[in-house]
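Just so you know, the sequences run in chain order A and B. This note's numbering puts the first residue of the first sequence at 1, with every later residue one more than the last. This note's numbering puts the first residue of the second sequence at 1001, with every later residue one more than the last. Written below as structure tokens is the structure these notes are about.
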Amino acid sequence: DTGVSQNPRHKITKRGQNVTFRCDPISEHNRLYWYRQTLGQGPEFLTYFQNEAQLEKSRLLSDRFSAERPKGSFSTLEIQRTEQGDSAMYLCASSLSAGIIQETQYFGPGTRLLVL
Amino acid sequence: LAKTTQPISMDSYEGQEVNITCSHNNIATNDYITWYQQFPSQGPRFIIQGYKTKVTNEVASLFIPADRKSSTLSLPRVSLSDTAVYYCLVVGSYGQNFVFGPGTRLSVLP
């Protein structure tokens, strides 16, 4: 399967704990995006990378959130001191940016986080 | 980023054609219209994308009038498995981040 993969698929944690999610994009895709989705809502943009550079962060991304893409391949999203409001589905997407050619984002299956 | 408006929900029966219309009055010259489908507990799946007139693939058709202020996703002969949430997005050609609305929840009934 050459699609976007995310691990773990589910995570249950206690409030105050740190969690880390991993995303493996489609090979050779240079852009990687993180979104958060709560029940009944569409995905909300969190941040994106072009290769290893983090180019934009949403205001939704508080100081407790950090994302990395150290070698321009896989990415991790860490949430420190989790709160119940962090419970959501965290989606990763990747795309191939080729100048003016319109890119399509391909999404992974998501990681569902439940903070107790 | 152009905002979109689409119906919150729609019902249909198996075998019918379903048309979901999306309004995007503030679409910019370089923007494309993209539709995604999402099943519960899965990530959104790309369906179709277009700039103007009509685009068709093996899954759906996308109709875009000349003023591009709206678009219509057409799903021919839907089946129960087409029950999902459908998102209309307007995306710039320079990697602007996707802004999802609440989407249209399509329920296909037997």
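For every residue, glycine included, the Cβ atom is placed at its ideal position computed from N, Cα and C.
Limits of the unbroken beta strand (DSSP E) element including residue i
i               : result
residue 1050(B) : 1045–1050
residue 1020(B) : 1018–1023
residue 6(A)    : 5–7
residue 17(A)   : It is not in any beta strand (DSSP E) - residue 17(A) carries neither H nor E in the DSSP assignment.
residue 1012(B) : 1009–1013
residue 1064(B) : 1061–1064
residue 50(A)   : 44–50
residue 37(A)   : 31–37
residue 56(A)   : 53–57
residue 113(A)  : 111–115
Of the listed residues the options, nearest to residue i (C-alpha basis)
i               : options                            : result
residue 1078(B) : 1102(B), 1016(B), 1065(B)          : 1016(B)
residue 106(A)  : 40(A), 35(A), 13(A), 10(A)         : 35(A)
residue 1027(B) : 1004(B), 1101(B), 1018(B), 1109(B) : 1004(B)
residue 87(A)   : 114(A), 44(A), 58(A), 51(A)        : 114(A)
residue 1098(B) : 68(A), 73(A), 41(A), 45(A)         : 45(A)
residue 1113(B) : 4(A), 103(A), 116(A)               : Residue coverage of chain B in this structure runs from 1001 to 1110, which leaves residue 1113(B) outside it and unanswerable.
residue 52(A)   : 89(A), 85(A), 83(A), 76(A)         : 76(A)
residue 54(A)   : 39(A), 71(A), 40(A)                : 71(A)
residue 1075(B) : 1100(B), 1037(B), 1023(B)          : 1037(B)
residue 93(A)   : 10(A), 85(A), 14(A), 22(A)         : 22(A)
residue 1021(B) : 1110(B), 1105(B), 1109(B)          : 1105(B)
residue 1092(B) : 1009(B), 1035(B), 1050(B), 1031(B) : 1031(B)
residue 62(A)   : 30(A), 38(A), 85(A)                : 85(A)
residue 28(A)   : 98(A), 40(A), 116(A)               : 98(A)
residue 116(A)  : 32(A), 14(A), 10(A), 24(A)         : 14(A)
residue 1033(B) : 112(A), 103(A), 20(A)              : 103(A)
Cβ-based burial, residue i [other Cβ within 10 Å; buried from 16]
i               : result
residue 1011(B) : exposed
residue 12(A)   : exposed
residue 1014(B) : exposed
residue 1029(B) : exposed
residue 47(A)   : buried
residue 1024(B) : buried
residue 1082(B) : buried
residue 42(A)   : buried
residue 16(A)   : exposed
residue 91(A)   : buried
Spatial distance of residue i from residue j (CA atoms)
i               : j               : result
residue 1046(B) : residue 59(A)   : 26 Å
residue 8(A)    : residue 1058(B) : 32 Å
residue 81(A)   : residue 65(A)   : 9 Å
residue 1102(B) : residue 1089(B) : 11 Å
residue 18(A)   : residue 26(A)   : 27 Å
residue 1084(B) : residue 83(A)   : 30 Å
residue 1061(B) : residue 1054(B) : 7 Å
residue 1066(B) : residue 109(A)  : 36 Å
residue 1109(B) : residue 1040(B) : 17 Å
residue 1035(B) : residue 79(A)   : 30 Å
residue 96(A)   : residue 49(A)   : 11 Å
residue 1056(B) : residue 1072(B) : 12 Å
residue 1063(B) : residue 1052(B) : 8 Å
residue 1080(B) : residue 74(A)   : 36 Å
residue 1007(B) : residue 1049(B) : 19 Å
residue 56(A)   : residue 33(A)   : 10 Å
Next on the checklist: Extract the residue ranges of the beta strand (DSSP E) inside the region 61–92 of chain A, only unbroken runs of 3 or more that lie entirely within it.
Outcome noted: 65–68, 75–79
Next on the checklist: Going residue by residue through the region 1066–1105 of chain B, where are the continuous beta strand (DSSP E) segments of at least 3 residues, counting only ones entirely within it?
Outcome noted: 1070–1075, 1084–1091
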